[in-house]
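S.K.: Sharing a structure here in structure tokens format.
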Amino acid sequence: MRSVTRGNRHRTLVVSPVPCGCSRVGIDGGYFGPTARIETMQLEGKTAIVTGGSSGIGNAIASAYVDAGADVVIANRTESEGTAVADELGCTYVQTDVREYEQVEALVEATVDEFGTLDVMVNNAGVASETTVEEMDLDEWTNVIRTDLDGVMHGTKAALPHLKETDGCIVNTASIYGLVGGKGVASYSAAKGGVVNFTQQVAVDYADEGVRVNSICPGFVETSMTEALLETDRFYNYVRNNTPMNRPAQPEEIAPLAVFLASDSASYVTGANIPVDGGWTAH
17 MRSVTRGNRH RTLVVSPVPC GCSRVGIDGG YFGPTARIET MQLEGKTAIV TGGSSGIGNA
77 IASAYVDAGA DVVIANRTES EGTAVADELG CTYVQTDVRE YEQVEALVEA TVDEFGTLDV
137 MVNNAGVASE TTVEEMDLDE WTNVIRTDLD GVMHGTKAAL PHLKETDGCI VNTASIYGLV
197 GGKGVASYSA AKGGVVNFTQ QVAVDYADEG VRVNSICPGF VETSMTEALL ETDRFYNYVR
257 NNTPMNRPAQ PEEIAPLAVF LASDSASYVT GANIPVDGGW TAH
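Straight run, no breaks: the sequence shown in our numbering ends on number 299.
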């Protein structure tokens, strides 16, 4: 048995032998064996916010969180779409533009007012870009950075005071283009590269306060954002030829990782930027 003090919180780690010669480690007397680990990928009793939760990857994550037992609040800019999706999923909707910190702060406060707590902040809202530096205008750069990078910072900053109280976590949606370059995605790759490094920095800053911070780095996923591009043979073949698994992903293939990262099964995972890309970044 070993006692650990973190900030103002004190916990006891209990280590006991198991037949295989390994150990099971528990917090405050709870044990993590193979079965327990699977069971802790449920989210009962947790409250989660998912920005950009009305479509694409965000919608798949919100749906998976609801299925795992969490109380979920989704946010986006389009009220009619957000309300319809929230009704379908059985969750709460708050209209929010993540580019505006005051709106994100209000989203977090509304969530805590309704559910009493916040355990998981999913910074997922984003926009895409398909231009080089010379092709893009300055407004495009500003919009992508404000949405894809500032939006992540806004969600993180607003959520942290509450996540410190719950030993909660942050899950950011980054991209393969936060890890490697790609032709014609100047502002998008700059924003997502910022998310990758921001994820690691905040993870280091708040690890000793009990907050875990990770990002998911999807490859190309069939969503409303990519639908028009993937319908062209040229672009679809580009994706297929550069993905060892020879196809784009479905949003439902990204969501399980978000469930894992939000669950107690990921209790020792922080500062990770995890590709879900069919092998794109492996070659």
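From the three backbone atoms N, C-alpha and C, an ideal C-beta is built for every residue, glycine too.
Quick one, which of V227, K62, M57, S240 has its alpha-carbon nearest F131's?
M.R.: For the residues V227, K62, M57, S240, the minimum Cα distance to F131 belongs to K62.
S.K.: Starting from the C-beta of R25, find all residues in its chain whose C-beta is less than 6 Å away, skip the five residues before and the five after it, and write them out in chain order.
M.R.: With a pLDDT of 48 at R25, under the threshold of 50, the modelled position of that residue is not reliable, and the figure given next carries that caveat. There are no such residues.
S.K.: Out of G210, V187, L195, which one is the CA nearest neighbour of A298?
M.R.: A298 has its Cα closest to that of L195, out of G210, V187, L195.
S.K.: Give the single residue among V143, V201, L134 whose Cα lies nearest to the Cα of E60.
M.R.: Nearest C-alpha to E60: L134.
S.K.: What is the residue span of the alpha helix (DSSP H) that Q119 lies within?
M.R.: Here the alpha helix (DSSP H) through Q119 covers 117-131.
S.K.: List the endpoints of the continuous alpha helix (DSSP H) containing D221.
M.R.: Start and end: 202-222.
S.K.: Straight-line CA distance for V149 to A207?
M.R.: Rounded to the nearest angstrom, the two C-alpha atoms are 13 Å apart.
S.K.: With a CB to CB cut of under 7 Å and the five nearest residues on each side skipped, what residues in its chain are close to V128?
M.R.: Same-chain partners within the cutoff: L134, H178.
S.K.: In its own chain, which residues sit with a C-beta less than 6 Å from the C-beta of A282, not counting the 5 before and 5 after it?
M.R.: Answer for A282: F276, listed in chain order.
S.K.: Scan the stretch 148-206 and note each continuous beta strand (DSSP E) run of 3 residues or more that stays entirely inside, going in chain order.
M.R.: Runs of the beta strand (DSSP E) inside the stretch 148-206: 185-189.
S.K.: For V138 and E151, what's the separation of their Cα atoms in angstroms?
M.R.: Looking at the two C-alpha atoms, the distance is approximately 32 Å.
S.K.: Can H170 and R250 be called in contact, C-beta distance under 9 Å?
M.R.: Their beta carbons are not under 9 Å apart, which means H170 does not touch R250 by this criterion.
S.K.: Only counting the same chain, and skipping five residues up and downstream in sequence, which positions put a Cβ closer than 7 Å to that of V143?
M.R.: Result list for V143: N159, V160, T163, D164, in chain order.
S.K.: What does DSSP give as the partner residue(s) for M137 in the beta ladder?
M.R.: Looking at the DSSP assignment, M137 forms a beta bridge with I65, I186.
S.K.: Is T108 helix, strand or coil by DSSP?
M.R.: Correct three-state label for T108: strand.
S.K.: Classify N289 as helix, strand or coil using the three-state DSSP reduction.
M.R.: Strand.
S.K.: Rounded to whole angstroms, what is the Cα-Cα separation between D280 and C107?
M.R.: Cα to Cα, D280 sits roughly 22 Å from C107.
S.K.: Round the Cβ separation of G72 and N92 to the nearest angstrom and send it over; I've been treating them as touching at under 8 Å.
M.R.: Not quite, the Cβ-Cβ distance comes to about 11 Å (not below 8 Å), so this is no contact.
S.K.: Return the CA-CA distance between T172 and N257, expressed in angstroms with no decimal places.
M.R.: Looking at the two C-alpha atoms, the distance is approximately 36 Å.
S.K.: What is the rounded straight-line gap between the Cα of V227 and the Cα of T248?
M.R.: So the alpha carbons of these two residues sit roughly 42 Å apart.
S.K.: Hey, quick one: how far does the beta strand (DSSP E) through E230 stretch, first residue to last?
M.R.: Contrary to the premise, residue 230 reads as Asn rather than Glu in this sequence. From DSSP, the beta strand (DSSP E) with N230 extends over 228-234.
S.K.: Check the DSSP bridge columns for A265 and list the partner residues they point to.
M.R.: DSSP lists V237 as partners of A265.
S.K.: Does DSSP put A88 in a helix, a strand or coil?
M.R.: The sequence as given places Val at residue 88; Ala does not occur at that position. Reduced to three states, the DSSP call for V88 is strand.
S.K.: So what does DSSP say about Y284, is it helix, strand or coil?
M.R.: Note: Y284 maps to coil in three-state DSSP.
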